Each structure stands twice: as C-alpha cells, then as structure tokens.
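The structure under discussion appears below in the form of structure tokens.
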Amino acid sequence: MIEYDLAGTDLGDVRFAISPLGEATLSLRTLRDPGRYPLMLPWVRRTMAARSELDAEMLFALTNERFWVLDFLTPHPRSPLTRFEDELDAAARTRPETMLADIASVHPDPNAVPSPLRGSPEQVMGRITAALADYWAACFEPWWPRMRALLEADIVYRGRLLASAGLHGLFADFAPALSLRGNVVRVATRTPIGYRHTTTGTGLTLAPSMFVRSASAPISPDAPPLVMYAARGVAALFESEVSSGPDALMALIGRSRTQLLVALHAPASSTELAVRLGVTASAINQHLRALRDAGLLTSARHGRSVLYLRSELGDDLLAAAGAERLEP
132 MIEYDLAGTD LGDVRFAISP LGEATLSLRT LRDPGRYPLM LPWVRRTMAA
182 RSELDAEMLF ALTNERFWVL DFLTPHPRSP LTRFEDELDA AARTRPETML
232 ADIASVHPDP NAVPSPLRGS PEQVMGRITA ALADYWAACF EPWWPRMRAL
282 LEADIVYRGR LLASAGLHGL FADFAPALSL RGNVVRVATR TPIGYRHTTT
332 GTGLTLAPSM FVRSASAPIS PDAPPLVMYA ARGVAALFES EVSSGPDALM
382 ALIGRSRTQL LVALHAPASS TELAVRLGVT ASAINQHLRA LRDAGLLTSA
432 RHGRSVLYLR SELGDDLLAA AGAERLEP
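Residue numbering for the sequence shown follows the numbering used here, beginning at 132 and increasing consecutively.
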C-alpha cells in the first residue's frame, strides 16, 4: 500500500497533469502482455508493423514480469500541456546513480539484468533515450492528438467533480484501488512496495493514463507525490463511428447534431469529434456552436483546446426522444 498524507494540503495543491513520456513508458507493458490492456488492442494492432523497426530489445528491457517500469521514465508532470520532447530531454539528464537505482528496482537480480541495460551509464542512457524517441515517433505521434484529447477530457471531468463535490467526491469516483480515507490517499498495489509520504509543501499530482488499469504510483518513496489513474473513455478512443441516436430527434435537429449529442456524454474537442464522425472540423464547429447556443452543450477551454460536454438540457432532450442510454 502506498499512502499520501494530505494533511495541510488544500484543493489548490491537488493538480492534474499529463505525462507523454509516462504514457509511452507505461505502454511498454503491452509488449509483454497485450491481453492485459484489451481497450488498447486496436492501437497495439495498428502499431505492430512500426514496432518491428524499433529497438525492441531495449524497449522490452524497460519493464519486468510484474509490469514495473523505471521511475525516471515516468516523470512528475507539472502541467496538462507537457511535451514529450521536453520530458525526454529532462530524463536524459538523470544522474547515473538514479538511473542505476531505478534499474536495480525493476531488475533486482544483478545476474538477470537485461543486456541492453548493462554497460556504462552514458551508453545505456543514450540507447534508452534513442529507443524511446523512435518509439514515440513511430507509435505515438500519429495518435497523440486523439490520445491527448481523451486525457484532457478526463481532466476537465475530474476538475468539475473536484470543484462541485470536493476531494472525497473526487476520489469516490475513482477505481477502488485509489481511495481517500480521512486525509490519506491510499493506492492499493499488487506489489510488496509500500510507503507513506506527506504532501505538505509539494502537493499531489493526479495523472490520467490509458495504460493503467486502476491506479499506480512511483516505486521510490523519494519521488514527488504522483498517482497515475485509469482515464475515462478509453474504450471510445479508436471508435470511427458514433451511434446515430433516436430517429425522432434526427428528424428534428439532423443526424450530425444528434450524433454529437450522443457522443458528448464525456468532454471532447472539435478535432476529436471530427475524426470520430468522419466530417470536417469546420462543419463540426458549426454544429457545436448551434448546439451550445441552444443550451444543449457546455464548453470550457482547456489549454489550447475547447472541450464540449452535453448539458443537463441535452441529457433531458435525449431522454425525452427515447434514447435508452446516455452513456456508452
């Protein structure tokens, strides 16, 4: 059990952030067992050919049979707008003793350390960063706008929940492995790793992830307080079609606007919606403005994106039109 004591921490010290490098590193778990991450199988299949051109030996070495990864490759993100290149540059400057300690944590038997992780620290670090840079370019860059939109949408949802229901309401919505007992955040893990960390002066960062099944935290008790949790909506990440919705409502406001209402049970950007519905971004923006002006959607700026969400009036309209379910 990993615990973070929030005593003396206010709401402003609980922040949300996105780590592109962390996502790339956690995704390496799919190399060992793709079946553990069924919602990401479409991505695994679509990137299989690209992976064959990469340094698979090194990428495989960055995890172990328990699916642990090196802490310095899952950095403490400071913002939802973090860039992969910036995080990788920072990781490349990790002190050799820290890198070696992380390798020893993931591969504790000195005689069983994978060969790509042996050698001088400079050589090992150079190969790690080169392998991850190539992996990102081949397997993440084409999908990252859609992935980031999903993670940002999750943050908007959680942020609204935090504002309306407080910390206890926020944590009640997470998977059971992540809970708040009094002032203590508890992360239940399947590992023997356990420690208690006070967040006073540092705060707590919550990072949504597509490659965490419930919740995860750094192995080292010296790492800044960070919880990576399963993001909402991953099942819809690679959907190319959206349910049409009730026929009566389509006759009233049109097919595209009805599809948007159905899709916006969770926040999404116009770019993401255009991909899912297979129409141009300009057409999507026209429909979104009309629905928002009618009070059927709400919108909120998040970084450089505007995220849309079905309003209570939109929920009521779908229900009155005979939609059986308002969420997938």
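Glycine included, each C-beta is placed from N, C-alpha and C at the ideal position. Since we're looking at a predicted model, the values are computed, not measured.
Exposure label - residue i; buried when at least 16 CB within 10 Å
i    : result
Q254 : exposed
A366 : exposed
R388 : buried
R138 : Rather than Arg, the amino acid found at residue 138 in this sequence is Ala. A138 is exposed by the Cβ-count criterion.
E216 : exposed
E184 : exposed
M154 : According to the sequence as given, residue 154 is Glu; it is not Met. Label assigned to E154: buried.
L427 : buried
A296 : exposed
R441 : buried
M179 : exposed
L152 : buried
D285 : buried
Residues that DSSP places opposite residue i in a beta bridge
i    : result
H433 : S436
T194 : V200
A361 : S340
V316 : Y135, L311
V145 : L335
A414 : Answer by DSSP bridge pairing: none, since A414 is not bridged.
H328 : Y135
R441 : L428
S400 : L438
A346 : Y360
Distance between beta carbons of residue j and residue i, contact taken as under 8 Å
i    : j    : result
S150 : P206 : 6 Å
V175 : T194 : The Cβ separation is near 15 Å, so there is no contact.
Q390 : L408 : 6 Å
L422 : A431 : In fact, because the Cβ distance is near 15 Å, the residues do not count as touching under 8 Å.
S210 : A294 : Contact doesn't hold; Cβ gap of about 19 Å is too wide.
V393 : L449 : 7 Å
CB contact below 8 Å: residue i versus chain D
i    : result
P245 : Structure shown: chain D not included; a single protein chain is present.
Let me know the alpha helix (DSSP H) ranges lying completely inside the region 228-310, each 4 residues or longer, listed in chain order.
-> Entirely contained in the region 228-310, the alpha helix (DSSP H) runs reaching 4 residues are, in chain order, 252-266, 275-303.
Inter-stretch contact at 8 Å, needing at least 3 Cβ pairs: the region 270-285 / the region 339-347 = Touching, yes.
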